[in-house]
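Undergrad: Chains as they are written, first to last, in my numbering: chain A, 136 to 482; chain G, 43 to 391.
We put the CB at the ideal spot given by N, CA and C, even for glycine.
My structure is below; once you've seen it, I'll send some questions.
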Amino acid sequence: MAELLDTPRRVRTARSLRNRRSYLVTSGLAVVAGALFVVTMMVGSFAVSAPDVIASVLHLRDNPSVDFIVRDLRLPTAVAGLAVGVALGISGTLFQRLLGNPLASPDFVGISSGASFFAVSAIVVLDASSTVISGSALVGALLSAFLIYLLAWRDGITGYRFILIGIGVSQLMLSLIGYIVSHASIYEAREAMTWLVGTVGQAGSGELRTLLVALAVLVPVVLVLERPLRALELGDDTAKALGARVELSRLGLLAASIVLVGFAVAVAGPIMFVALIAGPIAQRLVGRGAGGIVAAGCVGAIITLGADLVSHQLLPADLPTGVITGLIGAPYLIWLLVTVNKEGRGG
Amino acid sequence: MSVLERRVAVETGPGARPTAGLVVGLAVLVGILAVVCFFSITLGARGVGPATIVKAFIDFDASSASETVIREIRVPRTLIGILAGAALGLSGTILQGVTRNPLADPGIMGINSGAAAFIVFGIMVLGTQSIGVYIWLAFAGAAFATVVVYGIASFGREGATPVKLALAGAAVTAVLTSVTSAIIMTNVDALNELRFWQVGSLAGRYFSVLAQTAPFIAVGIVLAVGTGRALNGLALGDDLAVALGQRVRTSRVMMFVVVAVLCGSATAACGPIVFVGLVVPHVARMLCGPDYRWILPYAMILTPIVLLVADIIGRVVVSPGELQVGVVLGVLGAPAFIALVRYRNLAEL
């Protein structure tokens, strides 16, 4: 009897332990992401020390030559890496949790390929500037997401139908991209292929600013919606019983993650695998406590910044960031597929 | 219901059609295929009449552009369309039967892209240009992707469900694509070659391609058509198939080999082509009921019809240029695929 009365206290202790772990790990990840952010601005053909970088970014003191290198040359790339990584990480983990499958990242379910189709059309057909390319990528992501949502709607949305229809739409977009690339001139084709792999430093400051605004608005929204998300993960009926407004929260979360992917792709192109692997890595580190979303954003930033560093500093030839994330992601993906597939539900 | 009765139900029960009707249906399809072949040879940027076709073969005049077009371009192209179509249709049917999964398809499962990636690897790294080497690379790639994707998807309690299979295929495709991109980013010539190859097409396929791939496809077709009875057994579930005296594991492995041969040679011949191997077997199943001994030949005739019609559409709509058949099928196939996902009960295989 005494033991029975003890139970609530024990649950509370366990929960607070788990939450403490989650906070610790998340702050650790944030520190690592911040460190990589600084390192990105330190290294290059002219090395700058860490204190100088920090002083220059925060406008603590003026040193024209250092300021030029740090603020004008390296800061935009570093911010892009950080922001794109956070956006991809968060939207990837939202997709995976909403659709109930660790493989359902925006890379595979048609969102990125919709963005790619529009961007490649802009490059080849319209011969567009980088702002127009980014704009069309955003429009493409939103349109294809809307299309998939509409097509998958049948008395509500199931993750299962959304994934399959997304894959169908993705195949359609890929064949259209193939057509456009095969009819382009070789220079445009090369530009299109480079864009398709995705690289951090290719965006203008306007797009970057839009992404930052989107993050500033949507991250709080997503954090507010995390509670209904955890209810949704228990299945629609349970979520309803728990008082969550199922369709509304799902639509809100989906919309937020699609907008984030759209802006991220507009800035850096469809960098592969970041959205796919950030969520599961974060989940594994944090455990099943609260706060997985922020952790996923941090992991996304770490991967993106790390891949950018590797491609610019460690390799003889400058490869797009997406090639590096692809090569890092591939073995991880195989492992993930083999071990985590058991947890997939639906279908 | 006893095992035997259930088996009889598949082969003669409700849903099964009378044999005479099935034979007539097949004959009609062959007739349609012949008509489509005729149009495939006559239609295009340069229109030619039936008389020219006959003359091109009986009394060939090398100085006549029309006759040269027929002999050197249109006829090989049509023959490759037939063979590749048959290969894709049969491999799609077998995959769906073996995995008891209505969305199993060489394109969705990434088998085509496995073959494609290995061929690209051959072009870039080994510097090969010959179709004789391509085809072995394509087999290796197709076999590799089949094993990896199916293996990955089968982990877990429920086995290879449609969603897991499709996602595993998409994921493996993405991995292969990123490796391919890493290779082509550094090499403009390679990029130039790849961008034409990666859209499935029947254009520019001459007799050399046909001669290299036809024997493999022919062997594959013969083996594939013979799998009908085994597929009927597997459709009852592994336990019943074993009870019926089938060696389930052996026949599965055999069928995957056949699929790899068919997909590999079709991809080597005309590049990756999606959706057709997925959708056509379902149409065949609607036409002739659940008996795989009939679905296989129906799919074998229907798929080339679809492929050639798509190829003709691609030639006619933007004449004198052309849309590759891979693009046409991508555009036409996606709605069919989506309809399949929306309206059919996917657990029914």
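Does the Cβ of residue 269 of chain G have 16 or more other Cβ atoms within 10 Å, making it buried, or fewer, making it exposed?
TA: Here the question's residue 269 of chain G lines up with position 227 in the second sequence. It is buried - the Cβ of residue 269 of chain G has at least 16 other Cβ atoms within 10 Å.
Undergrad: Assign residue 262 of chain A to one of two classes, buried (16 or more other C-beta atoms within 10 Å of its C-beta) or exposed (fewer than that).
TA: What you label residue 262 of chain A is simply residue 127 of the first sequence in a count that begins at 1. When all chains shown are included, residue 262 of chain A counts as exposed.
Undergrad: Using 7 angstroms as the limit for Cβ to Cβ distance, is residue 238 of chain G near chain A?
TA: In the second sequence, residue 238 of chain G corresponds to position 196, counting from 1. It does: the Cβ of residue 238 of chain G has a partner Cβ on chain A nearer than 7 angstroms.
Undergrad: Only counting runs of 4 or more residues, tell me where the alpha helix (DSSP H) segments fall wholly within the region 393 to 433 of chain A, in order along the chain.
TA: With a minimum length of 4 residues, the continuous alpha helix (DSSP H) runs that stay inside the region 393 to 433 of chain A are 409 to 421.
Undergrad: Using DSSP with H/G/I as helix, E/B as strand and the rest coil, what is residue 151 of chain A?
TA: Position 16 of the first sequence, counted from the start, is the residue given in the question as residue 151 of chain A. In the structure shown, residue 151 of chain A sits in a helix (DSSP, three-state: H, G or I).
Undergrad: Evaluate the contact criterion for the region 323 to 335 of chain A versus the region 361 to 378 of chain A: three or more CB pairs, one atom per stretch, below 8 angstroms.
TA: Short answer: they don't touch.
Undergrad: Just how far apart, CA to CA, sit residue 197 of chain A and residue 177 of chain A?
TA: On the first sequence, residue 197 of chain A is found 62 positions in, with the first residue counted as 1. On the first sequence, residue 177 of chain A is found 42 positions in, with the first residue counted as 1. For residue 197 of chain A and residue 177 of chain A, the distance between alpha carbons rounds to 17 angstroms.
Undergrad: Quick one, which residues of the region 146 to 168 of chain G are near chain A if we go by CB-CB under 8 angstroms, in chain order?
TA: Against chain A - using a Cβ distance shorter than 8 angstroms - the residues of the region 146 to 168 of chain G are 149, 150.
Undergrad: Is residue 286 of chain G close to chain A? Criterion is C-beta to C-beta, closer than 7 angstroms.
TA: Your numbering for residue 286 of chain G matches position 244 in the second sequence. Cβ-Cβ to chain A under 7 angstroms: no for residue 286 of chain G.
Undergrad: Taking the Cβ atom as the reference point for each residue, do residue 434 of chain A and residue 224 of chain A lie within a distance shorter than 7 angstroms?
TA: Locating residue 434 of chain A in the first sequence gives position 299, where the first residue counts as 1. Locating residue 224 of chain A in the first sequence gives position 89, where the first residue counts as 1. Taking 7 angstroms as the Cβ cut-off, residue 434 of chain A and residue 224 of chain A qualify as a contacting pair.
Undergrad: I need the boundaries of the alpha helix (DSSP H) containing residue 81 of chain G, first residue and last residue.
TA: Along the second sequence, read from residue 1 onward, the residue named residue 81 of chain G stands at position 39. Looking at the DSSP string, the run of the alpha helix (DSSP H) that includes residue 81 of chain G is 61 to 84.
Undergrad: For residue 149 of chain A, count neighbouring C-beta atoms within 10 Å of its own C-beta (all shown protein chains included) and say buried if the count is 16 or more, exposed if not.
TA: For the purposes of this step, residue 149 of chain A is identified with residue 14 of the first sequence, where counting begins at 1. Under this definition residue 149 of chain A is an exposed residue.
Undergrad: Looking at C-beta atoms only, is the number of pairs between the region 225 to 232 of chain A and the region 210 to 217 of chain A that lie closer than 8 angstroms three or more?
TA: Touching, no.
Undergrad: Whole angstroms are fine: how far does the CA of residue 275 of chain A sit from the CA of residue 251 of chain A?
TA: Here residue 251 of chain A refers to the residue found at position 116 of the first sequence. Here residue 275 of chain A refers to the residue found at position 140 of the first sequence. Rounded to whole angstroms, residue 251 of chain A to residue 275 of chain A spans 7 angstroms at the Cα level.
Undergrad: Residue 166 of chain G lies in the alpha helix (DSSP H); which residues open and close that run?
TA: Here residue 166 of chain G refers to the residue found at position 124 when the second sequence is read from its first residue. Premise fails: residue 166 of chain G is in no alpha helix (DSSP H) and is neither H nor E.
Undergrad: Can you tell me where the alpha helix (DSSP H) with residue 385 of chain G in it begins and where it stops?
TA: In the second sequence, counting from the first residue as 1, residue 385 of chain G sits at position 343. Start and end: 367 to 385.
Undergrad: I want to know whether the region 303 to 318 of chain A touches the region 236 to 245 of chain A - three or more CB-CB distances under 8 angstroms.
TA: Judged by Cβ distances under 8 angstroms, the region 303 to 318 of chain A makes contact with the region 236 to 245 of chain A, as three or more pairs qualify.
Undergrad: State the Cα-Cα distance for the pair residue 370 of chain A and residue 396 of chain A, rounded to the nearest angstrom.
TA: Taking the first residue of the first sequence as position 1, residue 370 of chain A is located at position 235. Taking the first residue of the first sequence as position 1, residue 396 of chain A is located at position 261. Cα to Cα, the separation comes out at about 25 angstroms.
Undergrad: Could you confirm whether any beta carbon from chain A is found closer than 7 angstroms to the beta carbon of residue 392 of chain G?
TA: Summary: the structure shown does not reach residue 392 of chain G, with chain G confined to residues 43 through 391, and so no result is reported for it.
Undergrad: How about residue 314 of chain A: is its C-beta nearer than 7 angstroms to some C-beta of chain G?
TA: The count along the first sequence starts at 1 and reaches residue 314 of chain A at position 179. Yes, because at least one Cβ of chain G sits closer than 7 angstroms to the Cβ of residue 314 of chain A.
Undergrad: Output the distance between the C-alpha atoms of residue 219 of chain A and residue 281 of chain G, rounded to the nearest integer angstrom.
TA: For this step, residue 219 of chain A is matched to residue 84 along the first sequence. For this step, residue 281 of chain G is matched to residue 239 along the second sequence. Cα to Cα, residue 219 of chain A sits roughly 51 angstroms from residue 281 of chain G.
Undergrad: Can you pull the chain G residues whose beta carbon is under 7 angstroms from the beta carbon of residue 209 of chain A, in chain order?
TA: Position 74 of the first sequence holds residue 209 of chain A. The contacting residues do not exist; residue 209 of chain A stays about 23 angstroms from chain G at best.
Undergrad: For a test of the three-state rule: what should DSSP assign to residue 242 of chain A, helix, strand or coil?
TA: As a position in the first sequence, residue 242 of chain A is number 107, starting the count at 1. Correct three-state label for residue 242 of chain A: coil.
Undergrad: Can you name the start and end residues of the alpha helix (DSSP H) that residue 92 of chain G belongs to?
TA: Looking up residue 92 of chain G in the second sequence gives position 50. Start and end: 92 to 100.
Undergrad: Classify residue 244 of chain G as helix, strand or coil using the three-state DSSP reduction.
TA: Here the question's residue 244 of chain G lines up with position 202 in the second sequence. Looking at residue 244 of chain G - three-state DSSP - the assignment turns out to be coil, as it is neither helix nor strand.
Undergrad: Any contact between the region 314 to 324 of chain G and the region 336 to 353 of chain G? By contact I mean 3 or more CB pairs, one from each, below 8 angstroms.
TA: Flag = yes, the region 314 to 324 of chain G and the region 336 to 353 of chain G touch.
Undergrad: Considering only the beta carbon of each residue, do residue 314 of chain G and residue 154 of chain G sit closer than 7 angstroms?
TA: Looking up residue 314 of chain G in the second sequence gives position 272. Looking up residue 154 of chain G in the second sequence gives position 112. In this structure, residue 154 of chain G lies closer than 7 angstroms to residue 314 of chain G by Cβ.
Undergrad: When the distance is taken between beta carbons, is residue 230 of chain G closer than 7 angstroms to residue 265 of chain G?
TA: In the second sequence, the residue the question calls residue 265 of chain G occupies position 223. In the second sequence, the residue the question calls residue 230 of chain G occupies position 188. No, the pair does not count as a contact, with Cβ atoms beyond the cut-off.
Undergrad: Given this structure, state the Cα-to-Cα distance separating residue 287 of chain G from residue 272 of chain G, to the nearest angstrom.
TA: Counting from 1 along the second sequence, the entry for residue 287 of chain G is found at position 245. Counting from 1 along the second sequence, the entry for residue 272 of chain G is found at position 230. Distance between the alpha carbons of residue 287 of chain G and residue 272 of chain G: 10 angstroms.
Undergrad: Taking the alpha helix (DSSP H) that residue 453 of chain A belongs to, which residues open and close that run?
TA: Here residue 453 of chain A is taken as the residue at index 318 of the first sequence, counted from 1. Unbroken run through residue 453 of chain A: none, as it is neither H nor E.
Undergrad: Could you work out which residue in A:367, A:348, A:389 is closest to residue 357 of chain A when comparing CA atoms only?
TA: Residue numbering aside, residue 357 of chain A sits at position 222 when the first sequence is read from its first letter. Comparing Cα positions, the closest option is A:389.
Undergrad: For residue 184 of chain A, which of A:166, A:205, A:165 has the nearest alpha-carbon?
TA: Here the question's residue 184 of chain A lines up with position 49 in the first sequence. Per the Cα distances, A:205.
Undergrad: Under a CB-based cut-off of 7 angstroms, is residue 387 of chain A close to chain G?
TA: Counting from one through the first sequence, the residue named residue 387 of chain A turns up at place 252. Chain G contact via Cβ: absent.
Undergrad: Starting from residue 140 of chain G and walking both ways along the alpha helix (DSSP H), at which residues does that stretch end?
TA: Sequence index remark: in the second sequence, residue 140 of chain G carries index 98 (1-based). 117 to 141 is the span of the alpha helix (DSSP H), which, as asked, contains residue 140 of chain G.
Undergrad: With burial defined as no fewer than 16 other Cβ atoms inside 10 Å of the residue's Cβ, what is the status of residue 144 of chain G: buried or exposed?
TA: The sequence position of residue 144 of chain G within the second sequence is 102, counting from 1. Burial call: buried.
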